[in-house]
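Numbering (numbering that gives the first Met the number 0), first residue to last: 0 to 652.
Reading through the structure tokens given below for one structure.
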Amino acid sequence: MISVNNLSVQFGGTPLFDHISFIINDKDRIGLVGKNGAGKSTLLKIIKNIQKADEGEVVAPSGNTIGYLPQEMISGSTKTVVEEAMTAFSEILELKEKIGSLEHEIKVRTDFESDEYHDLIRKHSEAYERFNMLEGSSIQTNTEKVLTGLGFDINEFTRPMSQFSSGWQMRVELAKILLRVPDVVLLDEPTNHLDIESIEWLEAFLINYKGAVVLVSHDRAFLDNVTKRTVEISLGKIYDYRANYSGYITLREERLDSQIATYNNQQRQIRQIERFVERFRYKSTKAAQVQSRIKMLEKIDEVELDVFDESGINFRFPKSPHSGKIILEAKHLSKDYPQKRVLNDLNFSVIKNDRIAFVGKNGEGKTTLSKVIVRQTPHTGELKYGHNVVIGYYAQDQSDFLDPDRTVFQTIDDIATGDIRPKIRTILGGFLFSGDSIDKKVKVLSGGEKSRLSLAKMLLIPSNLLILDEPTNHLDMHSKDILKNALIRYDGTLILVSHDRDFLKGLTNRVFEFRRGSIREYLGDIYDFLDARKIQALSQLELSEKTAGSEPAKKVSSNKVNWEKRKDFEKELRKMQNLITKSESEIGRLEDEINKTEEMLVQPEKFKDKVLGSQLYNEYEKWKSLLDKEMKKWENLHFDLEELGKKNPDKGT
């Protein structure tokens, strides 16, 4: 349990936290919510003891461990992916070395009755018990499981960290935290670096996590699925609700409605008393009653209404210019980079008023295709644009294209023309830039402010094809809702790249899934797609990666061949997994025998007869030798399993 007591922090004389207190219980699942700048990240840093509060304290039990994932960080690691992930097991690796040293010393000694010998046995037993408790024999398996769950392929495990983007390096940092199994996990926007599949895996992992979890996230679906408690930060205060995010919204409204009703009733009562006092103040016959009313007023504990920051962006997209029925048509479109073909022979069309979601793992080509469509990157094959197609584009790194030395006002004024110019201040006000904030230079803006400014720029040029690449990464819940409502009202054609399931819900009617250079089309919105993928996973059909609608009938026979290959592969896979299960069972049996022998060795009365002591130790060595052989067998089986995985017909060779 961690106790946050009377915490206060000020920035520039303005209170960020004003004497806030709350408790993190052992198995809590807490969603920490609030507007951008409310102090969520600061609070996590204070709990982790990275930052100090002006007043108050954070009290944690002795030995309590805390894992913390910041929004951004630079790794700088020279290790491979798996080597970096394995650094999470420093304690286990130290224990392994200690156990080996103790075993060597025990083996060479013959003073079975001495206190020193018994002390060695005790230390060995304690170290081995701790090693088993930390699942020391499973670190390789656990590492591979977590890295795979977070989106890494097995053949990427041995690649250097330096070859991966900052987002993928953040996944390794997240893996290290999960592998350490700390008592409390603090995660600041973990889904920003994950695709939908990895988010769903992380959800399942955190739901079953044995410690406490505190999340900062603007992903409503993620919060709803993981958390059971919501702590809101608003204007320096916190409000604690025993519910997930959707439950918190309902409870918050109910509490405010009840509070307002109580406040209004009390105000009516106060006005009635004040009118009575005012009317009869100077009448001697009512003097006693007037004094009684005055005392009643003095005793009233006035209800105060909680004040919340309800500001949010407010806009709608301009009317789209008229376009033809066909917006885009791609034939045999491909895109190659020096080390990889990202897009391979794509064939698709986009019809007027289509609303399409681009989904898939990071690095599969979603952003690349977006850049191809907006003519920012060359390609091979054919891409035809329809009549009068005007594209509006919000890039994932859109804020990088803002001039850091221009002010907020100048950024919009530079591109505003005609009737728009007199409306610049109104447009900026709709995106929460007003007063002195419009004179801020771009380089001092936060990530959320830069995102809002980039969205504001999009309003200045009407478009009929809007392509948004991860537009919600730096937006708070309220701003995301307003953007979503604006997109629902948008009357043009929409392409959205996003991993935010709740944001995508109801916005699209087609889903393009990107997998290994190809795209596959699903009709419906994001949850229709997820349901379809789950059904396919159950029936082993989900890895069919041909572009929807582009596969000729003559390929049916090749699909049958692939199915046969998959069937043989799965048979071999089951056989290998059964052998591993049997090996793990044998390892467990041998460890039990070792533990029993150790218990006998640490009992002094057993060593009155030196022969018995020697026999026990020989038996102990026999079990250890058998365990070592079985462990090597288990490791070899896992190596064979990895090699078999490379032959998976669904992954290619």
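Every residue, glycine too, gets a C-beta built ideally from N, C-alpha and C.
Here the structure is a predicted model, which is why all the values come from computation and not from measurement.
Problem set entry | Straight-line gap, Asp499 to Pro470 (C-alpha atoms, nearest Å) | When only Cα atoms are considered, Asp499 and Pro470 end up about 10 Å apart.
Problem set entry | Span of the alpha helix (DSSP H), counted from its first residue to its last, around Glu253 | Tyr244 to Phe279
Exercise. The beta strand (DSSP E) with Ile1 in it runs from where to where?
Worked result: Ile1 to Phe10
Exercise. Candidates Asp344, Glu301 and Ile195: which alpha carbon is nearest Leu149's?
Worked result: Among Asp344, Glu301 and Ile195, the Cα nearest to that of Leu149 belongs to Ile195.
For this session: Express the C-alpha separation of Ser445 and Thr379 in angstroms, rounding to a whole number.
Result: 38 Å
Problem set entry | Rounded C-alpha distance that separates Ala666 from Ile120 | Any answer about residue 666 is impossible in this case: the structure gives the chain only from 0 up to 652.
Exercise. Is the distance from the Cβ of Ser7 to the Cβ of Gly75 below 8 Å?
Worked result: no
Exercise. Excluding the five sequence neighbours on either side, which residues of its own chain have a C-beta within less than 7 Å of the C-beta of Lys318, listed in chain order?
Worked result: Pro461 and Asp490
Problem set entry | For Gly30 and Gln375, the rounded distance between their alpha carbons | Gln375 and Gly30 have their C-alpha atoms some 39 Å from each other.
Exercise. Quick one: Cα of Gly362 to Cα of Ile355, how far?
Worked result: 19 Å
For this session: Go to His657, then tell me how far its beta strand (DSSP E) extends in each direction, as first and last residue.
Result: Residue 657 lies beyond the residue range present for the chain, which begins at 0 and ends at 652; the question has no answer from this structure.
For this session: Can you grab the Cα-Cα spacing for the pair Lys456 / Val358, in whole Å?
Result: The alpha-carbon atoms of Lys456 and Val358 are separated by roughly 25 Å.
Exercise. Is the stretch 176 to 189 in contact with the stretch 131 to 145, if contact means three or more CB pairs nearer than 8 Å?
Worked result: yes
For this session: Tell me whether the beta-carbon of Ile65 lies closer than 8 Å to the beta-carbon of Lys44.
Result: no
For this session: Note down the Cα distance separating Leu15 from Tyr67, rounded to an integer number of angstroms.
Result: 21 Å
Exercise. What did DSSP end up calling His473 once you bin it into helix, strand or coil?
Worked result: Assigned with DSSP and collapsed to three states, His473 falls in coil, not helix or strand.
Exercise. Distance, Cα to Cα, Thr367 vs Ile350?
Worked result: 20 Å
Exercise. Whose CA, out of Leu401, Leu454, Ala220 and Phe130, lies closest to the CA of Glu199?
Worked result: Ala220
Problem set entry | Which of helix, strand or coil DSSP assigns to Asn617 | helix
For this session: Tell me whether Leu234 sits in a helix, a strand or coil according to DSSP, three-state version.
Result: coil
Exercise. Which whole-angstrom value describes the C-beta separation of Leu459 and Ile419, a residue pair presumed to lie in contact below a C-beta threshold of 8 Å?
Worked result: Right, the Cβ-Cβ distance comes to about 6 Å (below 8 Å), so this counts as a contact.
Exercise. Under the DSSP definition of a beta bridge, which residues are partnered with Glu656?
Worked result: For the chain, the structure presents residues 0 to 652; residue 656 sits outside this window and is missing.
Exercise. By how many angstroms is the C-alpha of Met169 removed from the C-alpha of Leu482?
Worked result: Between Leu482 and Met169, the C-alpha separation is close to 27 Å.
Exercise. Is the stretch 281 to 292 in contact with the stretch 430 to 438, if contact means three or more CB pairs nearer than 8 Å?
Worked result: no
For this session: Spatial neighbours of Ala552 within its chain, please: CB distance less than 6 Å, with the 5 preceding and 5 following residues excluded, ordered by chain position.
Result: Confidence at Ala552 is low in this model, with a pLDDT of 38, below 50, so its placement is unreliable and the value that follows should be read with caution. Excluding positions up to five away in sequence, the list is empty.
Problem set entry | With 16 other Cβ atoms within 10 Å as the buried cut-off, status of Gly530 | Note that residue 530 corresponds to Asp in the displayed sequence, not to Gly. Classification for Asp530: exposed.
For this session: Work out the CA separation of Asp152 and Leu643 for me, nearest whole Å.
Result: 14 Å
Problem set entry | Enclosing alpha helix (DSSP H) for Phe408 [first to last residue] | Val407 to Asp412
Exercise. Leaving out the 5 sequence neighbours to the left and right, which residues in its chain are closer than 6 Å to Asn5 when beta-carbon positions are compared?
Worked result: His18, Ser20 and Gly55
Exercise. Counting Cβ pairs closer than 8 Å, one from the stretch 78 to 89 and one from the stretch 154 to 169, do we hit at least three?
Worked result: yes
Exercise. What's the C-alpha gap between Ile299 and Gly391?
Worked result: 58 Å
Exercise. Do the CB positions of Leu578 and Leu636 come within less than 8 Å of each other?
Worked result: yes
Exercise. What do you reckon, are the CB atoms on Trp622 and Leu589 nearer than 8 Å?
Worked result: yes
Problem set entry | DSSP bridge partner residues for Asp468 (one or two, in chain order) | Val496
Exercise. So, is Phe669 buried or exposed, given that buried needs 16 or more other C-beta atoms within 10 angstroms?
Worked result: Outside the shown range of the chain, which is 0 to 652, sits residue 669, and nothing can be said about it.
Problem set entry | Closest Cα partner of Pro656 within the set Lys442, Lys383 and His123 | Since the first residue shown for the chain is 0 and the last is 652, residue 656 is missing from the structure and cannot be characterised.
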